[in-house]
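Heads up: the sequence shown begins at 74 in our numbering, then just goes up one per residue.
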Amino acid sequence: MKNQKLLHIFSAPQSVYYFLDKQVDYIASNGFEVHIILPDDGYFSSKIKAREKNAHLHFIPLERKTSIFADLKSFFLIYIKIRNIKPDILHLHTPKASFIGALAGKLAFQKNIIYQMHGLVSSNGNEVSKGLFYFIEKTTCTIADRVFAVSPSLREFAISNKYCKKSKIKVIANGTINGIDWKNKFNLKKINYKNKYLSKTLKQSNFIIGFVGRIHFDKGIEDFLKVIKKLEQANLPVYSIIVGPNEIKPTIGERLKALGLHHFENLKVIDEIQDPENVICDFDVLLFPTKREGFGLVAAEANSLEVPVIAYDIPGVRDAIENNKTGKLVEYKNIDQLYNSILEYYNKPSLKKEHGKNGRMRVKTLFDQKLVWEALLEEYKCLLKEKGKDRGLEPEQDPEINLPA
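Below is the structure:
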């Protein structure tokens, strides 16, 4: 039996590192030769080299920012690589890589193109900006044979705003990109307390509010800081943690001063880390006021650690959180509702605990990694059969597949 060739294309190595963890081994063990095109950043790429022994890695520069010369170079390099690999399935991720990869695949007469819709850059809250990014994302959907939305509400949003035909777009399992590792990584019982970032004394004497993600206006950092200001003015024993790479100018410190926040001793900023579970586990609540999201992965990860989440009721996020069951979903851009939701958890510890435990149970039920992998494998098989390219993949002998460690 000749293995089917699967080619993933990403514009960010960190996306490969997080979104394909253990998935590559599972897919490879089921009859696929896995290839991945990604840029070499020297950090995540080296970790991927060490981890992904069952994947062929192809490093091609892909700039995050728009650059005509650099983008054309990336396009031709990807086109040549597609022609050389001759994949049976081309699986595209992240907006820019998906657009360039879709065009290159089309030029190379590639069949079986999948666009994984991780989110929509042209969306903001519940609205759409029909400019260049809308055109790019809609064009990618048009070229692709299949579109996989990472959440049900993202799928509905894409259909209602005419990004994609209803017949072409679907959700794998119940959503997410790679499922949630609730058994190990995001499991309170397996946290290595020697590696925790907060002291026991700090945790015992404060109500901890956390933010995890890129420090960017799209991720809601400005709204997070506005809520923190209101809490400071109320003289509550609150300590705030911000975790993620800074992508805004001016700096966080300058933004704090502009908002009138001066007690920096009650706020800690931690750069991007590989073990966010060692910080999230100490949160009393995750404040997640993102303006756009494909799924709301960090919200589900926090729930898996029994931490309730407060966020805006927008596409993607509303699938990660069940309102008044695993957290609170509030009106978009309503700072007062964010603030009042925190007060409710602060004043009702039993409610906070209940929503946290509900969250973990929901993650275990809906977002198990094996559930996602099995559904994705079935989609690959179905796509090949529909296109007449199934060359004899072995059927699963047992539904309870032994996953690689």
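C-beta: ideal position from N, C-alpha, C; glycine also.
Check: With DSSP collapsed to three states, give me the class of L370.; Outcome: helix
Check: Can you say whether T438 is buried or exposed, counting buried as having 16 or more other CB atoms within 10 angstroms of its CB?; Outcome: exposed
Check: Within the chosen definition, does the segment 432-450 reach the segment 98-106 through at least 3 CB pairs nearer than 8 angstroms?; Outcome: yes
Check: For A170, tell me which candidate among K273, G293, H81, R433 has the shortest Cα-Cα distance.; Outcome: H81
Check: Span of the beta strand (DSSP E) holding Q77?; Outcome: 77-82
Check: Excluding sequence positions up to five away, which residues of its chain have a Cβ less than 8 angstroms from the Cβ of W255?; Outcome: S377, R433, V436, K437, F440, D441
Check: Which whole runs of the beta strand (DSSP E) in the segment 259-327 are 3 residues long or more, in chain order?; Outcome: 280-285, 311-316
Check: So, for E295: in the same chain, excluding its five sequence neighbours on each side, which residues have a beta-carbon less than 8 angstroms away from its beta-carbon?; Outcome: R328
Check: By how many angstroms is the C-alpha of L227 removed from the C-alpha of I245?; Outcome: 12 angstroms
Check: For S196, which residues in the same chain have their Cβ closer than 6 angstroms to its Cβ, ignoring the five residues on either side in sequence?; Outcome: R365
Check: Check Q189 in the structure and name its three-state DSSP category.; Outcome: strand
Check: Considering Cα atoms alone, identify which of F259, F172, K322 is closest to V220.; Outcome: F172
Check: Compute the beta-carbon to beta-carbon distance between I321 and H289, rounded to the nearest angstrom, for a pair I have assumed lies under 8 angstroms.; Outcome: 6 angstroms
Check: Suppose you measure from the CA of R391 to the CA of I158; what does that come to, to the nearest Å?; Outcome: 39 angstroms
Check: How many angstroms separate the CA atom of K238 from the CA atom of K203?; Outcome: 17 angstroms
Check: Since I155 and Q183 are thought to touch, with beta carbons under 8 angstroms apart, how far apart are those beta carbons, to the nearest angstrom?; Outcome: 6 angstroms
Check: Buried or exposed for Q306, please, with buried defined as at least 16 other CB atoms from any protein chain shown within 10 angstroms of its CB.; Outcome: exposed
Check: Does the distance from the CB of H166 to the CB of H191 come in under 8 angstroms?; Outcome: yes
Check: Is the Cβ-Cβ distance between F368 and I250 less than 8 angstroms?; Outcome: yes
Check: For the alpha helix (DSSP H) containing L449, name the first residue and the last one.; Outcome: 442-459
Check: Helix, strand or coil: which one does DSSP assign to K159?; Outcome: coil
Check: Between which two residues does the beta strand (DSSP E) holding V220 run?; Outcome: 219-222
Check: Return the first residue and the last residue of the beta strand (DSSP E) that G429 is part of.; Outcome: Note, G429: premise wrong, no beta strand (DSSP E); alpha helix (DSSP H) at 422-439.
Check: Looking only at its chain, what residues have a beta carbon closer than 8 angstroms to the beta carbon of E417, apart from the 5 residues adjacent to it on each side?; Outcome: K401, L424
Check: Locate the alpha helix (DSSP H) running through Y207, then write down its first and last residues.; Outcome: 205-216
Check: Let me know the alpha helix (DSSP H) ranges lying completely inside the segment 386-427, each 4 residues or longer, listed in chain order.; Outcome: 390-393, 408-420
Check: Between F280, T363, K460, which has its C-alpha nearest K421's C-alpha?; Outcome: F280
Check: Please report the residue range of the alpha helix (DSSP H) in which E350 lies.; Outcome: 350-353
Check: What are the boundary residues of the alpha helix (DSSP H) that V380 is part of?; Outcome: Careful: V380 lies outside any alpha helix (DSSP H) and carries neither H nor E.
Check: What residues match up with L359 in a beta bridge as DSSP calls it?; Outcome: G283, V382
Check: Rounding to the nearest angstrom, what Cα-Cα distance links K458 and E200 in this structure?; Outcome: 37 angstroms
Check: Identify every residue that forms a DSSP beta bridge with S196.; Outcome: V201
Check: Reducing DSSP to helix, strand and coil, say where P86 ends up.; Outcome: helix
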